[in-house]
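Asks:
There are 2 protein chains.
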Amino acid sequence: MARRSGEENRRNVLDVATRLFYQQGIRAVGMDTVVKECGVGNATIYRQFPTKDALATAYVQGRADAWFERMEQAAGEASSPAGKLMAVFEVLAGDTAGPAYRGCPMLNTSTEFPEGRHPAHLVAVGHKQQVRDWFRSLASDAGAQDPGQLADELLIILNGAYATAAVLDGATYGRRALRLARFLIEDSCPGS
Amino acid sequence: MARRSGEENRRNVLDVATRLFYQQGIRAVGMDTVVKECGVGNATIYRQFPTKDALATAYVQGRADAWFERMEQAAGEASSPAGKLMAVFEVLAGDTAGPAYRGCPMLNTSTEFPEGRHPAHLVAVGHKQQVRDWFRSLASDAGAQDPGQLADELLIILNGAYATAAVLDGATYGRRALRLARFLIEDSCPGS
DNA sequence: TTTGTGACGGAACGATCCGTCTGTCAAACT
DNA sequence: AGTTTGACAGACGGATCGTTCCGTCACAAA
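Residue numbers (the numbering used here), protein chains in the order written: chain Z, 1 to 192; chain C, 1 to 192.
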C-alpha cells in the first residue's frame, strides 16, 4: 500500500468531510461514514483531527476562508466600491442556483451547534462578523451615508438569501437578493 | 400518583420538547432527556408520539401554527394592508431581542433535517411557502406594483433577520429588518 | 540486510441513541 | 367486592455514536 504524507491525508479527510458535512449535516454524518468514504483507517483521521469537533471546526473554518477568497476575488474585478458590494451578491446568486446548494455552511453550523462556546459555532459567528465589517468598509468607501446601517442591511439580505434559497427555489431568491442589494446600494450611495 | 388524561400528557410532552428542541436543537436532545424532563415514563411519550421524528414534526408544526396565530393577530390590529405587513416585522423585532432567542424554529429544523422527504423538513418548507403567499396577498391588497416581488423580498428580509439575529446581536438586526421592511413597503406601494 | 520508527487498517470499547417490553397499579364496570 | 382494562414507570434491547487500542507493515537509517 502506498504511503501518503500527513498533509495529503489531512487534505483528503477534510475534502471528504466537507462534502459529507455540507450535504447531509454535521450531526447526521458519523465518523464511521467519513472513515469509509475516505478509504482509510480511522486512526489516520484521528491523527489529523483529534476529535469530531475538531474536524467539524476545520470544516467550517475552511468554508469561511473559501468564502472570503472567492468573494474578494470577485470584488477585485469590480472597479468601484459599490460594484464590489454588488459582486458579492452576483456570486451568491450563482451559488444558490446550483442543484447541490444546501444553504450557508456557517449558518448551518451555528444552528447545528447552538452552544455559544462550541469552537465551530465561534468560527461561524466570527465569520459573519468579518463579513459585516468588510461590508461596512466597502460601504464607507462607496460613500454611503450610514455605512454601518448599509452593512447590516446587506448582511440581512445575504443571510436571508442563503436561508431562503435553501428552503425554497434557490435560483429565484438568489436573483431577488441581487436585485434588492443593488437597489439598496444605489439608493444609499450618492453618485455611483 | 394522579392519572393524567391523554390530552394533558400530549400537551405536556410537546411543551417540554418544544422548549428543549428550540434551545438545544432537535438532534442534540435525546429522548431520554425529554423523558426525564417530562417526569414521566417513556411509554407515555411514545404513546402520544410513536417516533422521535413524529415528535419533532409536531414540534415544528406547533411553532408554525403559533407563528401564524401571533402574526395574524398583530396584523389584525393594523388598519391598512401595508400596516399589516409592517406589523409582522414589529413582532419579529420584539422576538429577536429576547435573551432566549435561538433563531427561527422552521429554518433551524430544515437545516437539522436537510433531507427533502423528512416530514419535519416538509412542514418547515410548507410554512415558508405559506408565509410567502400571505405576504403576496397582503402586498397585492396594499397596491404593490409587483406583489410577488415584494413578497419575495420581504421573505428574504424576514429569514435574514431571523438568521442574522441568531448569530449576531438580536436586537440590532430585528430593528434593522423592521426599518428595511418599512422602507421597501413604502417604496413599492403607492400612496399609503 | 538488519534494525528501528511510526503511520496504518481495523477490531473493540463504553456511552448513548431510539424504541420495545414487562410488571404494577389505579380506575371503571358488573 | 371482584374482575377487567389500560395507562403508567422503568428495565431492557439492538444499533450506532465517538473514541481508543493493538498488531502489522512500509520505509529510512545503519
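A virtual CB, placed ideally from N, CA and C, is assigned to each residue, including glycine.
Mapping DSSP to helix, strand and coil, what is residue 40 (chain C)?
Replies: coil
Asks: Check distances from the C-beta atoms of the stretch 163 to 175 of chain Z to those of chain C and list, in chain order, the residues that come in under 8 Å.
Replies: For the stretch 163 to 175 of chain Z, the residues whose beta carbon sits under 8 Å from a beta carbon of chain C are, in order, 163, 164, 166, 167, 168, 172 and 173.
Asks: By the 8 Å beta-carbon criterion, what residues does the stretch 120 to 131 of chain C contribute toward chain Z?
Replies: For the stretch 120 to 131 of chain C, which is checked against every Cβ of chain Z, the residues closer than 8 Å are 124, 125, 128 and 129.
Asks: Using C-beta distances below 7 Å, list every residue in its chain close to residue 38 (chain C), excluding the 5 sequence neighbours before and after it, in chain order.
Replies: 12, 13, 16 and 45
Asks: Report back the beta-carbon spacing between residue 157 (chain Z) and residue 181 (chain Z) to the nearest angstrom; my notes put them in contact at under 8 Å.
Replies: 6 Å
Asks: Could you check what DSSP says for residue 117 (chain C) in three-state terms: helix, strand or coil?
Replies: coil
Asks: What does residue 80 (chain Z) touch in chain C if you count any residue whose Cβ is under 7 Å from its own?
Replies: Those within 7 Å of residue 80 (chain Z) in chain C number zero; the least Cβ separation is about 23 Å.
Asks: Can you round the beta-carbon distance between residue 163 (chain Z) and residue 122 (chain C) to whole angstroms, since I take them to be within the 8 Å contact cut?
Replies: So it is not a contact: roughly 17 Å between Cβ atoms.
Asks: Out of curiosity, what's the CA-to-CA distance linking residue 24 (chain C) and residue 114 (chain Z)?
Replies: Approximately 6 Å between the Cα atoms of the pair.
Asks: Pick helix, strand or coil for residue 35 (chain C), following the three-state DSSP scheme.
Replies: helix
Asks: Can you list, in chain order, the residues of its chain with a C-beta nearer than 7 Å to that of residue 161 (chain C)? Leave out the 5 residues immediately preceding and following it.
Replies: 92, 96, 173, 174 and 177
Asks: Residue 74 (chain C) and residue 87 (chain C) - do their beta-carbons sit closer together than 9 Å?
Replies: yes
Asks: What residues from chain Z crowd round residue 114 (chain C), counting only those whose CB sits closer than 7 Å?
Replies: 24, 25 and 102
Asks: Do you know offhand how far residue 56 (chain Z)'s Cα is from residue 116 (chain Z)'s?
Replies: 15 Å
Asks: Are the C-beta of residue 110 (chain Z) and some C-beta of chain C separated by less than 9 Å?
Replies: yes
Asks: Does DSSP classify residue 57 (chain C) as helix, strand or coil?
Replies: helix
Asks: How long is the line joining the alpha carbons of residue 179 (chain Z) and residue 89 (chain C), rounded to whole angstroms?
Replies: Between the C-alpha atoms of residue 179 (chain Z) and residue 89 (chain C) there is a straight-line separation of about 21 Å.
Asks: Compute the distance between the beta-carbons of residue 105 (chain Z) and residue 64 (chain Z), then report whether it is under 9 Å.
Replies: Yes, they are a contact pair.
Asks: Could you give the distance in angstroms between the alpha-carbon of residue 8 (chain C) and the alpha-carbon of residue 101 (chain C)?
Replies: 27 Å
Asks: Report the rounded CA-to-CA distance for residue 19 (chain C) versus residue 159 (chain Z), giving the unit in angstroms.
Replies: 25 Å
Asks: I'd like the list of long-range same chain contacts for residue 85 (chain C), defined as Cβ closer than 6 Å, with 5 residues on each side in sequence excluded.
Replies: 138 and 185
Asks: Take residue 42 (chain C) and list the residues in its own chain whose beta-carbon comes closer than 7 Å to its own, dropping the five residues that flank it on each side.
Replies: 31 and 35
Asks: So residue 167 (chain Z) is in the alpha helix (DSSP H); what residue range does that whole segment cover?
Replies: 147 to 167
Asks: Which chain Z residues sit within Cβ distance under 9 Å of residue 157 (chain C)?
Replies: 153, 156, 157, 160 and 180
Asks: Using the beta-carbon count (16 or more within 10 Å), is residue 77 (chain C) buried or exposed?
Replies: exposed
Asks: Closest to residue 134 (chain Z) by C-alpha separation, out of Z:145, Z:150, Z:120 and Z:169, would be which residue?
Replies: Z:150
Asks: Under the rule that 16 or more other beta-carbon atoms within 10 Å means buried, what is residue 98 (chain C), buried or exposed?
Replies: exposed
Asks: Among Z:94, Z:152, Z:124 and Z:146, which one has its Cα closest to the Cα of residue 132 (chain Z)?
Replies: Z:152
Asks: Quick one, which of C:51, C:169, C:111 and C:190 has its alpha-carbon nearest residue 168 (chain Z)'s?
Replies: Selected option, being the one with the closest Cα: C:111.
Asks: Just to confirm my understanding: we take residue 27 (chain Z), look at its own chain, exclude 5 residues before and 5 after, and list those with CB closer than 6 Å. What are they?
Replies: 112
Asks: Are the CB atoms of residue 188 (chain Z) and residue 144 (chain Z) within a distance shorter than 9 Å?
Replies: yes
Asks: With a cut-off of 8 Å on the beta carbons, I'd call residue 48 (chain C) and residue 10 (chain C) a contact; round off their distance for me.
Replies: 4 Å
Asks: Report the CB separation of residue 147 (chain C) from residue 53 (chain C) in whole angstroms; it is logged as a contact under 8 Å.
Replies: Rounded, the Cβ-Cβ distance is 36 Å, inconsistent with contact.
Asks: Output, in chain order, the set of chain C residues within a Cβ distance shorter than 7 Å of residue 177 (chain Z).
Replies: 156
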